[in-house]
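So the structure is just underneath, and the comments pick up after that.
In this note's numbering, the protein residues as written are 3 to 598.
Right under this line is the structure:
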């Protein structure tokens, strides 16, 4: 491998907006540091290591404890007879509601089948026909063909995670588990030079330290914990997006948070991660019904229960509102016990653990936060607007998903763009910033939100602020949004920050650095960006549903919002000139966001 740049200097710096944390007490070096251990992160690590790079993988929990292992449905690719990448592209573009970047989608669907076969060669075992050995394929929402490969019935993510973790361990790749990434290190030219992190526990590397590296790859997953009810694990607190913002990178499309339509309803007080009832259940013929058994999806979309997720989620919410109900039902009693036990053993066990037997009764379901279609803005090689910093998987925004991710495209995106990142990193030297998306000019005044605490850096929020933020976001920026609810959410988020700033200025005190305070601070930053973008987008598109602006407005809003963080902590929000995601020859038009 030819390294992209020389070894970063020991005097690498963190941005002025960096999290308050003790100085690193230890340091290690690598060619590449990968932050995250899902399908995207481990694929980058394996490909870079195979090319001779020294790789360190940093992960927030155990190596196999990211979002990937929770994926039930499967991985989409044109593997079946009669299916083509072109048909997969068409379905993806429709689901994305006019905001997919076609070049990115074409890359995904064209390179996807080969990426899946390489995953199988790595050791992943997908369900196959006992007689022919052909991979079994099923349908999910938004797909007009059966192109979803699954493993263990409804345990696809767990099998992919198992195979990749085993391969990483067999390759002897250096791993740092139970480590929360804090901030990006940069060299004197502004290029990524590693990360600071906090290892939770005692051992050879514990407390705050640093991994210095020529290339940094963010594969930290999503930000579902920003809402009270989510399918995401507890570690999904938007750490990668927050780090990228503090480092000066652009993020895009953060207003497009996908709410999965069918999440097991556990009661009005339930918080945190909730059991997902996979879209594949509907793909196999389950029906959405209300309390009277009426199939309300009929007549709403040509695919009925298999319509894209945003359409199904909206239909469920509308029916709940019409009926004054807290949930709807998913009826799959006609499957019978053998099919439930063979095809959906994980979901069956989860339902029964909560006192519901889907073999004999309908499953109560309601939408919950599931997937962030937006994230850190990248080009087709995973390069962000900060030289040397890459992003892939859910933390990234490649332009593939547009306003609404097509079911089971997420695992495929992680695979395809991880391979592209590894190829780019190991290809050889490159001038700093070459071919990276160019940020647009900064607006003349802050876009949204309050400035931070000044040169001393913004204060940390208390751990308890996490639940306050979740409440604000659920009620102000959830499935149902309006200018009024979003403005109220923005005000309340500002109050949370203002109180911390006032205490710091008055008493010189801030919350003590620690995992809980760092996570709450990350969630707050990501929440501010989401609300600012959602306020700005005055239309309904994909999974962004504005009750006060119920129509899609292509003339004004078939474009992407780009957000950056200023050194004083304020947000700059501006838009591209079209739906094309990668920057054209001209830079994006600067626009100033003023919150009413």
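The beta carbon of each residue, even a glycine, is placed where N, CA and C say it ideally should be. Remember, predicted model here, so these are calculated numbers, not experimental data.
Heavy atom of the ligand MG within 7 Å of residue 513 beta-carbon: In the structure shown, the ligand MG is absent, as is every other ligand, since no ligand is present at all.
Chain B contact for residue 530 (CB, 8 Å cutoff): Of the chains in the structure shown, none is chain B; there is only one protein chain.
Contacting residues, own chain, Cβ-Cβ under 7 Å from residue 47 (five flanking each side not counted): Taking the first residue of the chain shown as 1, we reach residue 47 at position 45. The answer, listed in chain order, is 36, 57, 59, 170, 175.
Beta bridge counterpart(s) of residue 260 as assigned by DSSP: Sequence index remark: in the chain shown, residue 260 carries index 258 (1-based). BP columns for residue 260 point to 373.
Inter-residue CB distance, residue 298 and residue 323 (contact presumed, cutoff 8 Å): Within the chain shown, numbered from 1, the residue matching residue 298 stands at position 296. Within the chain shown, numbered from 1, the residue matching residue 323 stands at position 321. No, residue 298 and residue 323 are not in contact; Cβ-Cβ is about 12 Å, not under 8 Å.
Anticipated Cβ contact below 8 Å, residue 394 with residue 219, distance rounded: The residue you call residue 394 lines up with position 392 of the chain shown. The residue you call residue 219 lines up with position 217 of the chain shown. Correct: roughly 7 Å between the Cβ atoms.
Continuous beta strand (DSSP E) assignments of at least 3 residues falling wholly in the segment 147–216: 176–178, 181–188, 194–201
Limits of the unbroken alpha helix (DSSP H) element including residue 533: Looking up residue 533 in the chain shown gives position 531. Residue 533 -> alpha helix (DSSP H) spans 517–538.
Residue 511, buried or exposed, once every other Cβ within 10 Å from all chains shown has been counted against 16: Within the chain shown, the letter at position 509 stands for residue 511. By the 10 Å Cβ count, residue 511 comes out exposed.
Ranges of the beta strand (DSSP E) found wholly within the segment 272–336, counting only runs of at least 3: 289–291, 330–333
Between the CA atoms of residue 66 and residue 148 - distance to the nearest angstrom: In the chain shown, residue 148 corresponds to position 146, counting from 1. In the chain shown, residue 66 corresponds to position 64, counting from 1. Near 29 Å, if we compare the C-alpha coordinates of residue 66 and residue 148.
Residues sharing a beta bridge with residue 141, DSSP: Counting from one through the chain shown, the residue named residue 141 turns up at place 139. In DSSP, residue 141 forms no bridge with anything.
Euclidean distance between Cα positions of residue 560 and residue 472: Sequence index remark: in the chain shown, residue 560 carries index 558 (1-based). Sequence index remark: in the chain shown, residue 472 carries index 470 (1-based). Going from the Cα of residue 560 to the Cα of residue 472 covers about 29 Å.
Status (buried if at least 16 other CB within 10 Å, exposed otherwise) for residue 28: Stepping through the chain shown from its first residue, residue 28 is reached at position 26. Result: exposed.
At least 3 beta-carbon pairs within less than 8 Å: the segment 253–265 vs the segment 372–387: yes
Whole-angstrom C-beta distance between residue 563 and residue 513, which should lie under 8 Å: Taking the chain shown and counting its residues from 1, one reaches residue 513 at position 511. Taking the chain shown and counting its residues from 1, one reaches residue 563 at position 561. In fact, because the Cβ distance is near 30 Å, the residues do not count as touching under 8 Å.
Beta-carbon gap between residue 571 and residue 311 smaller than 8 Å: Taking the first residue of the chain shown as 1, we reach residue 571 at position 569. Taking the first residue of the chain shown as 1, we reach residue 311 at position 309. The answer is no: Cβ separation not under 8 Å.
For residue 414, the first and last residue of its enclosing alpha helix (DSSP H): Walking along the chain shown from the start, residue 414 turns up at place 412. Counting along the chain, the alpha helix (DSSP H) containing residue 414 begins and ends at 411–427.
Proximity below 8 Å, CB of residue 194 to CB of residue 21: Along the chain shown, one-based indexing puts residue 194 at 192. Along the chain shown, one-based indexing puts residue 21 at 19. Against a cut-off of 8 Å, the Cβ pair of residue 21 and residue 194 comes out as no contact.
Contact set for residue 279: own chain, Cβ-Cβ below 7 Å, skip 5 residues either direction: Within the chain shown, the letter at position 277 stands for residue 279. Contacts found: 264, 265, 266, 332, 349, 365, 367.
Residue 399 - partner residues in DSSP beta bridges: Counting from one through the chain shown, the residue named residue 399 turns up at place 397. According to the DSSP secondary-structure assignment, residue 399 is paired through a beta bridge with 379.
C-alpha distance - residue 23 paired with residue 212, whole-angstrom precision: Position 21 of the chain shown, counted from the start, is the residue given in the question as residue 23. Position 210 of the chain shown, counted from the start, is the residue given in the question as residue 212. Residue 23 and residue 212: Cα-Cα distance of roughly 12 Å.
Residue 540 and residue 551 closer than 8 Å at C-beta: For the purposes of this step, residue 540 is taken as residue 538 along the chain shown, with counting starting at 1. For the purposes of this step, residue 551 is taken as residue 549 along the chain shown, with counting starting at 1. In this structure, residue 551 lies closer than 8 Å to residue 540 by Cβ.
Residue(s) in a DSSP beta bridge with residue 270: Within the chain shown, numbered from 1, the residue matching residue 270 stands at position 268. Its beta-bridge partners do not exist; DSSP assigns none.
Runs of beta strand (DSSP E) wholly within the segment 17–72 (minimum 3 residues, chain order): 29–37, 57–60
Alpha helix (DSSP H) segment containing residue 487, residue limits: Looking up residue 487 in the chain shown gives position 485. 485–509 is the span of the alpha helix (DSSP H), which, as asked, contains residue 487.
Integer-rounded CB distance, given that residue 15 should sit under 8 Å from residue 245: On the chain shown, residue 245 is found 243 positions in, with the first residue counted as 1. On the chain shown, residue 15 is found 13 positions in, with the first residue counted as 1. About 15 Å separates the two Cβ atoms, so there is no contact after all.
Simplified DSSP state of residue 548, which is helix, strand or coil: Within the chain shown, residue 548 is the residue found at index 546, counting from 1. Residue 548 falls in the strand class under three-state DSSP.
Whole-angstrom distance between residue 360 and residue 292, CA atom to CA atom: Within the chain shown, the letter at position 290 stands for residue 292. Within the chain shown, the letter at position 358 stands for residue 360. One C-alpha to the other measures close to 16 Å.
For residue 392: DSSP bridge partner residues: Translated into the one-based positions of the chain shown, residue 392 becomes position 390. According to DSSP, residue 392 bridges with 219, 385.
Buried/exposed call for residue 99, threshold 16 Cβ in 10 Å: Translated into positions along the chain shown, residue 99 becomes position 97. Per the 10 Å Cβ criterion, buried.
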